[in-house]
Structures are given as C-alpha cells and as structure tokens.
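Every letter in the sequence shown is one number past the one before it in numbering that gives the first Met the number 0, and letter 139, counting from 1, is 138.
Heads up, the beta-carbon is just placed ideally off N, CA and C, and yes, glycines get one too.
Notes for the one structure printed next.
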Amino acid sequence: MDKQDYLVIGKISGVFGVKGWVKIFSYTEPRDNILNYKTWLLRKGSELQSCTLVTGQAHSKGVVAKLVNTDDRDAAALLIGWEILIERTQLPPPAPDEYYWADLEGLEVETTQGVVLGVVDYLLETGANDVLVVKGERERLIPFLRKQTIITVDLDHGKIVVDWDPEF
C-alpha cells in the first residue's frame, strides 16, 4: 500500500449502543464529512481490511457509524483502535492555492534567505489559523498565513518557502 494513494481520515474510538455501531474520531472538516466516503480501508498495525459504511451521523462532539457485518457490540468492540483510510482518488481536487494537509506533510521548509528549517511533520488547527509543525535541528511552529509567513508552496519540488527568522 503506497502512502500517497491513501489518506487517514479518522479512527474508530469506541462502541455506541448494542447494535454494532462504532464511535468515530474524525479528522475531516467538518467532522461528519467522513460519512461522505462509503468505502473505508481499516488499518491496525500491518493488518488491513475493507469495510462499507451503512449509515452514520454526527453525535455530540464526534460521529457514530454503522458498518456492514458489524451487527452487535462485540463485533464493534473488535474495531476499536483501527484507523480509517480512504483512497486519495475519492477526494475532490483542492481549489487553486488550497492544499490538503497530507500534501504538506513531509515538505522541506526553507526561509526566503535559503536557510533550511526542516520538514513539515504535521499541522495544528488553532482557531485563528493553521500552524505547520516543522522538525529539523529543533521543532518550530510556523503559522500558515499565505503571503505573510507562507511565501510559496511548491508541491512538485516538495518545498515551502517561509518568511521566518531561523533563530525563532
């Protein structure tokens, strides 16, 4: 399985009721967008299994879902901890100058002066703006503000150029 072909969009975090429903911690925005994808690939360690979503809904601060062949609480409990992946081809293409977070992870980050700061490890959502967590000789948190701190994003060359003081 090629990492570029699949994206992790959530994780099964618990059981819901006695009829085989599972609680989902969704990484999609909004959270219930995970329900737009009817075919999931579940992964736990090196194990993989395909499953089909029957139905689901937003519930409290998360999402609950019913999967094919998961008909009781015991079957649902066996799925706790499994990551939910989809094929990248299931996603709509991003608008110009928009990016999926997964596309930014692993890109090299350098300043406008050419100082390499490291690579994007992951992103954080802070409410005010998203933040790149860049790991190099040390960890840096760089606000993802287009045309302010983020000067260019070049997916083809795997590089982000930032207006950032390397000492900060």
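Checking the sheet assignment: what are the DSSP bridge partners for residue i?
i      : result
Glu86  : Tyr5
Lys65  : Trp20 and Thr54
Pro142 : Val130
Thr148 : For Thr148, which the question treats as bridged, DSSP gives no partner whatsoever.
Gly13  : Lys22
Asp153 : Lys158
Quick one: what's got a C-beta closer than 8 Å to residue i's C-beta in the same chain, skipping five residues either side?
i      : result
Val133 : Val108, Leu116, Gly117, Val118, Val119, Asp120, Arg139, Leu140 and Ile141
Val14  : Trp20, Val21, Lys22, Arg72, Ala75, Ala76 and Ile79
Phe167 : Arg139
Just confirm the distance between the C-beta atoms of residue i and residue j, as a whole number of angstroms; I'd bet it's less than 8 Å.
i      : j      : result
Trp163 : Thr110 : 6 Å
Leu34  : Val53  : Between Val53 and Leu34 the Cβ distance is about 10 Å, and since that is not below 8 Å, they are no contact.
Ile11  : Trp81  : 5 Å
Gly157 : Leu106 : 5 Å
Tyr26  : Gln89  : No, Tyr26 and Gln89 are not in contact; Cβ-Cβ is about 14 Å, not under 8 Å.
Asp96  : Arg145 : 7 Å
Arg30  : Ala57  : 6 Å
Using C-beta distances below 7 Å, list every residue in its chain close to residue i, excluding the 5 sequence neighbours before and after it, in chain order.
i      : result
Val160 : Glu109, Thr111, Ile150 and Thr151
Cys50  : Trp39, Leu41, Leu66 and Val67
Pro165 : Thr110, Val114 and Leu116
Phe24  : Gly9, Lys10, Ser12 and Gly61
Whose C-beta lies closer than 6 Å to the C-beta of residue i among residues of the same chain, with five residues either side of it excluded?
i      : result
Val130 : Leu123, Leu140 and Pro142
Gly174 : Lying outside 0 to 167, the shown extent of the chain, residue 174 is not represented and no answer is given.
Asp70  : Gly19
Closer than 8 Å, CB to CB, is residue i near chain B or not?
i     : result
Val17 : Absent from the structure: chain B. Only one protein chain is present.
Segments of 4+ residues assigned as alpha helix (DSSP H) that fall wholly inside the region 82 to 137: 100 to 103
4-residue-minimum alpha helix (DSSP H) runs that sit fully inside the region 25 to 61, ordered along the chain: none
Given 8 Å, three or more beta-carbon pairs between the region 3 to 12 and the region 74 to 94: yes
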